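First residue of the sequence shown? That's 875 in this note's numbering, and the numbers climb one at a time after it. C-beta: ideal position from N, C-alpha, C; glycine also. Quick caveat, the model's predicted, so the values are computed rather than measured. Only one structure is covered here, and it is reproduced in the block below.
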Amino acid sequence: MKTLEEIINDCNIPYPDIKKKHFDEYNRVAEQEKSWLNNAEEKTVRIVHTARPLIDLVITKLKVRGYEFTPDDTEALSAFTSKINLIIRITNRINNFKEGVILDNGKKLRLYELFNAIKKHDKFGDFKFELNRNLNSFTVHLFSIVKHCQDPQSYPIYYRYWKNILGNVLKKSDDYDTLCQFYKTISDPKRHLSLGAYFGAIGIILAREISVNKIIKEEDDKQFTYIKNELLNIHYFDLITGFKRHQRHYLVGSKYGEKNDKDVFPQMKDRNVIAVGFADNLDLSEFYLGDVHELSDYLRQENVKPNAINALKHFLKIKVGDKIAIKGSGSPKGTNGFLSIMAIGEVVARENGQVYNFNPDHLVHELSVRFTDTEYRELNYGGYGSTVHLLTNKEHISSIFKEHNNFRTAYLEWLTNKNVGDSGKPTSYTRAIEILSTILKYNLFEETNLVKLQELYNDLRIEQGKIDGKYYYDKSPSYGTSGFYSASIGEYINFLKTNPSPPFVSDPSQLAKVRVENRLSQAICITGASGVGKTYRVNKTLEQEGHKMLFVIIDSMWQHILFDYSPNDRTYRLTKVGKFIREASNDPENHYTIVFDECHKNLEIINDVLLQAISTKRNNGMRFLALNTLVDKQFEFLAEINGNRILPSNLGFMFISSKSDIITGNDDLRNRIEIIELEESDQLESDTSIDYFLRKIKKEEDSEYTN
């Protein structure tokens, strides 16, 4: 086995040797990239935008020796910086260069002056132009694009992946001027495409050798992080196999159009993709599995709607190995949740390593998948109205993906860790068992009877190779003739001997669980003078009603409680409140209630986040958490709609205060919280039910809100 350092050294292969000894890899990349790595003026036809003639004009003027841009060119130069990313696949930092941006010297940026300065300089190292701190970090990218448009045979685009290969594999300085020097050593007429094919072939070889030598053990280990961030781009990284991936589960919609009335699932199925159609004029290749903050900023600059930004953020984080369910509908029926599932699949890389594809002529943003189940099903689950959901609820995952009592994932991981055959064998073995399950009409991954499996193994050894025999599968006959059926069952028997119990067993009866409705989902506040038994009665009531409780005592230390989480050491962690909500989300059959006691001491706990969460009087009875991106990931166990986390219906809230005027004097709170005032006479009442509280609610007859 080679080390990563040895593999990188072996891949320091001269350009002529790549073309001669690795022509297949070189030619594969050249064919794939020929429409993207040609000259800029040849690609403007792709721009379906009013900016196209302006960009054409800028490119033409850049090529004219001696021409200097003037203020009259400002409109065209602005179009160039804002839209050139449509034909040059680079993370769009270029649109930060806007006419009139304030510079460090207090002056305003004039694009014609900047472009004239770039045009006159041959080397980036000699380029001096005062900008500002933000623009300085992007300047080399703009410089490379402008110079490439000016003279494509002398100046390449400064792609990050090319920079990585130049520095980490070819052992040269990775600055732009060094890349330009190396670029000129490529003698082919189509120099830009040739350089891309050369670097791409190296990426393919690196990925193959990293797989064979099992450099990466599992996702997010040290080698995984270095190779993904510092060596390969995602396109070539996805060619790496043989390591343990952290599989996630997603729900993806299948309806397009303003009214969600165009069903595109048949096209998804035919093309073996999942897709979203938002921002249909933007190629987001450079953002796939990239920084979500950069993506959000870019989409906002392009005036993409918030719901589309939210969907694209999730969609572009879906990676190879993740499981997806295609949603037909997530709209509730009456008061009941409803979710229809069209198909189940797994994200895969195409033969060329590509996963994401920008296809404006079809479904726009596509990810390659292999569909494993296209049986239509309906479930009574609510809260899945958005286009893309990352699923975290184990009950829902088990039901949607039919993973109860199923060893498939554990078997695949076991094969991978056991190093069975070459890097493709684990997936071939699991596929063989899937085909056998189809032939035998029951799921072998749910079979644990070793005697029965041994009998099947013995029979397969005799019968599997027979053409038109009982195990013959006309869509993939080689699985039988090559002996994959018996080999996969043999290994499955060995796996079961070392794994006597399933990793996650879901009792089928559990799949029919319905989440209970907590009658305290509309928050109430118990007020009254000291000594009337407020806390005692609340505790007695919740205990009698079978609620699981969390009491939070408010004091002066709770100055800035951000509801469900608190910053600690500059990190965001779930507090006891957040953990309690997680328990409620994962336990649908029980009532959970949070009680905030002694609220009169500090009303700041009822902040903007909490206001949305405690009331069913707004948002069609839905309570949500509107969280910023830094803390939202802590609440991925909750369903999501339009970027907000939806609280489970079995979660309730109560407040206890000795002063009722802190609520009644606040119109915004009064429209969200029901007030119940206890008196001394209430201590004589033996009724400690929730109904007793609800009967005492003082409703405002003229309130503009209703339950």
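As assigned by DSSP and simplified to three states, the class of residue i
i, result
"Asp1157", "coil"
"Lys1201", "strand"
"Ala1217", "strand"
"Gly1452", "helix"
"Leu1286", "helix"
"Asp1565", "helix"
"Ala1403", "coil"
"Arg963", "coil"
"Phe1189", "helix"
"Ile826", "An answer regarding residue 826 cannot be provided, because it is not within the stretch 875 to 1581 covered by the chain."
"Val1222", "coil"
"Ala1149", "strand"
"Met875", "coil"
"Asn1332", "helix"
"Glu1083", "helix"
"Lys1349", "coil"
"Asp1576", "Model confidence at Asp1576 stands at a pLDDT of 35, short of 50, so the residue's coordinates are unreliable; what they give is reported in the following sentence. DSSP places Asp1576 in coil when its eight states are reduced to three."
"Tyr941", "coil"
"Leu936", "helix"
"Leu1504", "Low local confidence applies: a pLDDT of 47 at Leu1504 is under 50, so the model's placement there is unreliable, and no value is given."
"Lys1045", "coil"
Cutoff 7 Å; reference residue i; Cβ partners in own chain excluding five residues on either side
i, result
"Tyr1255", "Gly1211, Leu1213, His1270"
"His896", "Ala1075, Ile1079"
"Val932", "Ala950, Leu951, Phe954"
"Ser1523", "Arg1389, Glu1391, Asn1392, Ser1395"
Alpha-carbon spacing of residue i relative to residue j, whole angstroms
i, j, result
"His1263", "His1120", "17 Å"
"Tyr1130", "Ile1215", "16 Å"
"Asn1231", "Ser1159", "7 Å"
"His1474", "Ser1532", "6 Å"
"Ser1563", "Ser1395", "16 Å"
"His1434", "Lys994", "Confidence is the limiting factor: at His1434 the pLDDT is only 39, short of 50, which leaves the residue's position unreliable, though a coordinate-based value still follows. Their Cα atoms are separated by approximately 55 Å."
"His1109", "Asp1333", "43 Å"
"Leu1525", "Asn1392", "6 Å"
"Asn1494", "Lys1133", "Reliability fails at Asn1494, whose pLDDT of 45 lies under 50, so the model's placement of it is uncertain and no value is given."
"Thr948", "Arg926", "15 Å"
"Lys972", "Leu985", "7 Å"
"Lys1002", "Ile1520", "52 Å"
"Leu1156", "Phe1012", "20 Å"
"Gly940", "Leu1237", "45 Å"
"Phe1152", "Gly1164", "18 Å"
"Val903", "Phe1454", "52 Å"
"Val1020", "Phe989", "8 Å"
"Cys1054", "Tyr1029", "6 Å"
"Leu1113", "Arg1224", "9 Å"
"Gly1354", "Lys1340", "8 Å"
"Glu1104", "Asp1094", "14 Å"
"Phe1275", "Tyr1124", "10 Å"
"Ser1560", "Lys1422", "22 Å"
Cut-off 8 Å between Cβ atoms - residues of its own chain near residue i, not counting five sequence neighbours on either side
i, result
"Lys1143", "Ala1217, Phe1245, Thr1248"
"Val1014", "Phe998, Tyr1032, Tyr1050"
Selected residue, minimal CA-CA separation from residue i, among the options
i, options, result
"Phe1358", "Lys972, Ser1302, Glu1337, Thr1449", "Ser1302"
"Ser1311", "Asn1231, Ser1362, Gly1339, Pro1300", "Ser1362"
"Gly1070", "Ile1101, Gln1097, Tyr1032", "Tyr1032"
"Ile1549", "Leu1558, Ile1400, Arg1456, Asn1524", "Ile1400"
"Tyr1072", "Gly1402, Gly1259, Glu899, Glu1220", "Glu899"
"Gln1338", "Ile1309, Thr1322, Val1325", "Ile1309"
"Glu1321", "Tyr1285, Ile1520, Lys1299, Tyr1345", "Tyr1285"
"Leu823", "Asn970, Arg920, Arg967", "Outside the modelled stretch of the chain, which goes from 875 to 1581, sits residue 823, for which no answer is possible."
"Gly1364", "Arg939, Pro1026, Tyr1331, Ser1047", "Tyr1331"
"Tyr1345", "Tyr889, Asn1323, Tyr1366, Ala1306", "Ala1306"
"Asn1291", "Glu1004, Ser1085, Asp946", "Ser1085"
"Lys893", "Leu1009, Lys1091, Ser1068", "Ser1068"
C-beta contact flag for residue i and residue j at 8 Å
i, j, result
"Val1178", "Leu1241", "no"
"Ala1149", "His1239", "yes"
"Val1229", "Ile1198", "no"
"Glu1287", "Gly1402", "no"
"Thr918", "Asp930", "yes"
"Leu936", "Cys1023", "yes"
"Asn1006", "Asp978", "yes"
"Leu1424", "Lys1450", "yes"
"Ile1039", "Tyr889", "no"
"Arg1299", "Leu1314", "Strictly speaking, residue 1299 in this sequence is Lys, with Arg absent from that position. Their beta carbons are not under 8 Å apart, which means Lys1299 does not touch Leu1314 by this criterion."
"Val1221", "Lys1187", "no"
Own chain residues within Cβ distance below 6 Å of residue i, not counting five before or after
i, result
"Asp1051", "Lys997, Phe998, Gly999"
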